[in-house]
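Scroll down for the structure; my scribbles are underneath it.
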Amino acid sequence: MSIEVILITGRSTSQGLGLELGKHSEKYKRGVASCELNVDDMRDLAIETDDLVKVSSECGSVVLRVAELEQEVPRGVAFVPNGPWVNLIICSDTSGTGMPRYKGIRVKIHPIEDGIVGDVSSLVEAEDE
Amino acid sequence: MTFNVTNDIACPFCGCLCDDLKVIISDGKIVDVKNACIYGLTKFLNYSLERSVTPVVQGDNGKVEVDLETAVDKSARILIDAKYPLLYGWSCTSCEAQRVGLELAEEIGGVIDNTTSVCHGPSIEALQEIGESTCTLGEVKSRADLIIYWGSNPLQSHMRHLSRYTIGTEGRFRKTRDDRTMVVIDVRNTYSARVADYFYQIEPNSDYELMSALRVALRDQEIEQDEVAGLKKDEIYDLADMMISCDFGIVFFGLGLTMSLGANRNVDAALSLIRDLNKRTKFLIMPMRGHFNVAGADVVFTWQTGYPFAVDFSRGYPRYNPGDTSAVDILLRGESDASLIVASDPVATFPVEASKRLLSNPLICIDPHRSLTAKAATVAIPSNFVGIECTGTAYRMDTIPLPLKKVIEPPEGCLSDVQLLEMILRRVRELKG
Numbered sequence: 173m174s175i176e177v178i179l180i181t182g183r184s185t186s187q188g189l190g191l192e193l194g195k196h197s198e199k200y201k202r203g204v205a206s207c208e209l210n211v212d213d214m215r216d217l218a219i220e221t222d223d224l225v226k227v228s229s230e231c232g233s234v235v236l237r238v239a240e241l242e243q244e245v246p247r248g249v250a251f252v253p254n255g256p257w258v259n260l261i262i263c264s265d266t267s268g269t270g271m272p273r274y275k276g277i278r279v280k281i282h283p284i285e286d287g288i289v290g291d292v293s294s295l296v297e298a299e300d301e
Numbered sequence: 042m043t044f045n046v047t048n049d050i051a052c053p054f055c056g057c058l059c060d061d062l063k064v065i066i067s068d069g070k071i072v073d074v075k076n077a078c079i080y081g082l083t084k085f086l087n088y089s090l091e092r093s094v095t096p097v098v099q100g101d102n103g104k105v106e107v108d109l110e111t112a113v114d115k116s117a118r119i120l121i122d123a124k125y126p127l128l129y130g131w132s133c134t135s136c137e138a139q140r141v142g143l144e145l146a147e148e149i150g151g152v153i154d155n156t157t158s159v160c161h162g163p164s165i166e167a168l169q170e171i172g173e174s175t176c177t178l179g180e181v182k183s184r185a186d187l188i189i190y191w192g193s194n195p196l197q198s199h200m201r202h203l204s205r206y207t208i209g210t211e212g213r214f215r216k217t218r219d220d221r222t223m224v225v226i227d228v229r230n231t232y233s234a235r236v237a238d239y240f241y242q243i244e245p246n247s248d249y250e251l252m253s254a255l256r257v258a259l260r261d262q263e264i265e266q267d268e269v270a271g272l273k274k275d276e277i278y279d280l281a282d283m284m285i286s287c288d289f290g291i292v293f294f295g296l297g298l299t300m301s302l303g304a305n306r307n308v309d310a311a312l313s314l315i316r317d318l319n320k321r322t323k324f325l326i327m328p329m330r331g332h333f334n335v336a337g338a339d340v341v342f343t344w345q346t347g348y349p350f351a352v353d354f355s356r357g358y359p360r361y362n363p364g365d366t367s368a369v370d371i372l373l374r375g376e377s378d379a380s381l382i383v384a385s386d387p388v389a390t391f392p393v394e395a396s397k398r399l400l401s402n403p404l405i406c407i408d409p410h411r412s413l414t415a416k417a418a419t420v421a422i423p424s425n426f427v428g429i430e431c432t433g434t435a436y437r438m439d440t441i442p443l444p445l446k447k448v449i450e451p452p453e454g455c456l457s458d459v460q461l462l463e464m465i466l467r468r469v470r471e472l473k474g
């Protein structure tokens, strides 16, 4: 079972605080490696808060924890805080503007039984030349 | 125990640059901060978490701590050896540091870009084409009777914006909440939407369509569709009437416009809408700038080079072409062969493909935080926190310059971004002869 939604990334309180409290903390990971979904979409996917989902775009996929809804998200929209986790699925292409598309991206979401939310230091490694 | 209170401190967190903070110090430590939002308070009380004070260089057998002179020498050699170095960041440091950074970029023939290119870069591109009707936040406070937040959630991103500049403040001519109308236009029903008088929930990626429909309504023309951007035709006419009827309106727009489909064209439409509105009433527009001195970076870059970001010195004179000379595009094409990152953490903020390219070449990082970029850097040089441990100048989101004060002594041997950049520049010139 999977659904297709529009992904919005943005500021969340834990993400903003993480800028000052440090990005290596468990608190930052819990706040930022998370995904907010509409309750009806969660029901369709048969998932609850704290379950794991795989979010996939045309540029990659990432495992995130379903977060308690902080602010209302309309049906068909997912919200993920800015940060190194969601950047795994953001495409680098800027369409000639210098700005990658961080909002309004089509993604697929499906629940996963096994999987872990990656540790922040393991997310990005140098590309082999 | 004695407490020293320092007044009128500007907060080095977001573009609001609130300059009414009181910082309370006891035994050489900050123990409390008055008037700050949760972000400002957290910064002042926790700034020294996850910081390092000793320069680190990548050696053959891993990272080793070195003295400052060695780190500066290594940095200068990396920059000289590079054919097309990228100098990126600059929004969380002082204007004085930005100025030295530009001098360094020119000296080594590199490309220098600030974080504008991945926040309001599209806004700058649009206002260079259309122009911008704008003002200071003081004028908004005293005069605005219609405040529209579009694609922005200030109660989460700029927490005191409402209480200092818009609906929650006593201005000269607008004194109470009843004197102002607040509108939020957003995809989500955010905290800010909940305190607004009117909330228009629109479909993702539909800002351009709504602005176009509003422009049709302003011209008393017929909107052909029954619904645009998820709003009923009548709602759009009502919103247009509200905009025309005000005495002094302003749109504060956030990354909801610049990061969505359309990017600079969304802002282009917003600026055109404001231009149209000014034929009927007074209306202004302002981007909600994120980092505390990202507006300053644009200002300093512009008075030094003529361009606000993405400035390429590789031909010996400044060139500007976002999409070509902007950081993510350069990395994506694999053109840069070394980087200097100052006061920014692109490894945490860039799309992963661009971050991987950044890490594939020698990387110098000057930052007080032990950020993801600093941890991965070939040379990591810790610096001071400007606005806490050293002075400087920063520009508020309405491009008003404010002084950043020093409230506490930095760790011994830890220098400011300005001092470190001047040392690298001096060493570059020595090595070049």
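Protein sequence lines, in the order shown, are assigned to chains L and P.
Note that this note's numbering has the first sequence beginning at 173, numbered continuously upward.
Note that this note's numbering has the second sequence beginning at 42, numbered continuously upward.
Cβ atoms here follow ideal geometry from the backbone N, Cα and C, with glycine treated the same way.
Small disclaimer: the values here were computed from a predicted structure and weren't measured.
| Asked | Found |
| --- | --- |
| Helix, strand or coil for Q169 (chain P) per DSSP? | helix |
| Would you kindly work out how many angstroms separate the C-alpha atoms of C431 (chain P) and T299 (chain P), rounded to a whole number? | 33 Å |
| Counting only the same chain and skipping the five closest in sequence on each side, list residues whose C-beta sits under 8 Å from that of F426 (chain P). | P53, Y88, P409, P451 |
| Can the beta-carbon of A185 (chain P) be found less than 8 Å from the beta-carbon of G290 (chain P)? | yes |
| Kindly indicate if chain L contains any beta-carbon less than 8 Å away from that of S396 (chain P). | yes |
| Applying a beta-carbon distance threshold of less than 7 Å, which residues of chain P neighbour H196 (chain L)? | E91 |
| What does A389 (chain P) touch in chain L if you count any residue whose Cβ is under 7 Å from its own? | K195, G255, P256 |
| Thinking L372 (chain P) and A338 (chain P) are a contact (beta carbons under 8 Å), I'd like their distance in whole angstroms, please. | 19 Å between Cβ atoms; not a contact. |
| Does DSSP classify G337 (chain P) as helix, strand or coil? | helix |
| Residues of the segment 225-240 of chain P with a CB closer than 7 Å to any CB of chain L: list them in chain order, please. | V228, R229, N230, T231, Y232 |
| Let me check one thing: in DSSP terms, what residues is Q100 (chain P) bridge-paired to? | Going by the sequence as given, residue 100 (chain P) is Gly instead of Gln. For G100 (chain P), which the question treats as bridged, DSSP gives the partners P:G103. |
| Name, going along the chain, the residues of the segment 275-286 of chain L whose beta-carbon falls closer than 8 Å to a beta-carbon of chain P. | K275, G276 |
| Give me whichever residues DSSP pairs with L302 (chain P) in a beta bridge. | Looking at the DSSP assignment, L302 (chain P) forms no beta bridge with any residue, so it has no partner. |
| Taking buried to mean at least 16 other C-beta atoms within 10 Å of its own C-beta, is L456 (chain P) buried or exposed? | buried |
| Compute the distance between the beta-carbons of R140 (chain P) and Q345 (chain P), then report whether it is under 8 Å. | yes |
| Using the Cα positions of E285 (chain L) and I261 (chain L), report the straight-line distance between them to the nearest angstrom. | 20 Å |
| Could you give the DSSP three-state label for F293 (chain P): helix, strand or coil? | strand |
| For my contact list, V448 (chain P) and T47 (chain P) are in at a C-beta cut-off of 8 Å; report their separation, rounded to the angstrom. | 5 Å |
| Decide if the segment 195-215 of chain L is in contact with the segment 249-259 of chain L; the criterion is three or more beta carbon pairs, one per stretch, under 8 Å apart. | yes |
| I want to verify the contact list: residues of chain P whose CB lies under 8 Å from the CB of L241 (chain L), in sequence order. | Within chain P, no residue comes near L241 (chain L); the closest Cβ sits about 10 Å away, beyond 8 Å. |
| Give a yes or no on whether the minimum CB-CB distance between S377 (chain P) and chain L is below 8 Å. | no |
| Measuring only the C-alpha atoms, how far is V340 (chain P) from E463 (chain P)? | 20 Å |
| Using DSSP's beta-bridge definition, name the partner residues of T37 (chain P). | In the structure as shown, chain P begins at 42 and stops at 474. Residue 37 (chain P) is therefore absent and cannot be evaluated. |
| By the criterion of Cβ-Cβ separation under 8 Å, what are the contact partners of A304 (chain P) in chain L? | S267, T269, M271, R273 |
| With A368 (chain P) as the anchor, note down where its alpha helix (DSSP H) starts and where it stops. | 368-373 |
| With 16 as the cutoff for other CB atoms within 10 Å, does T43 (chain P) come out buried or exposed? | exposed |
| Using 8 Å as the threshold, is the segment 269-276 of chain L in touch with the segment 226-234 of chain L, meaning 3 or more CB pairs across them? | no |
| For the beta strand (DSSP E) that I121 (chain P) lies in, which residues bound it at each end? | Careful: I121 (chain P) lies outside any beta strand (DSSP E), inside the alpha helix (DSSP H) at 109-122. |
| If you run the structure through DSSP and keep just helix, strand and coil, what is G192 (chain P)? | coil |
| Using the three-state DSSP reduction, which class does Y436 (chain P) fall into: helix, strand or coil? | strand |
| So for V469 (chain P), helix, strand or coil by DSSP? | helix |
| Do the segment 212-230 of chain P and the segment 318-331 of chain P meet, that is, are 3 or more Cβ pairs less than 8 Å apart? | no |
| Can you tell me whether H199 (chain P) is helix, strand or coil according to DSSP? | coil |
| Could you pull the start and end residues of the beta strand (DSSP E) that K280 (chain L) belongs to? | 275-284 |
| Any Cβ of chain P within less than 8 Å of the Cβ of E301 (chain L)? | Here the model assigns E301 (chain L) a pLDDT of 48, short of 50, so the residue's position is not dependable, and the following value carries that caveat. Interface residue, yes. |
| Tell me which residues of the segment 150-168 of chain P have at least one Cβ-Cβ distance to chain L shorter than 7 Å, keeping chain order. | S158, V159, G162, P163, E166 |
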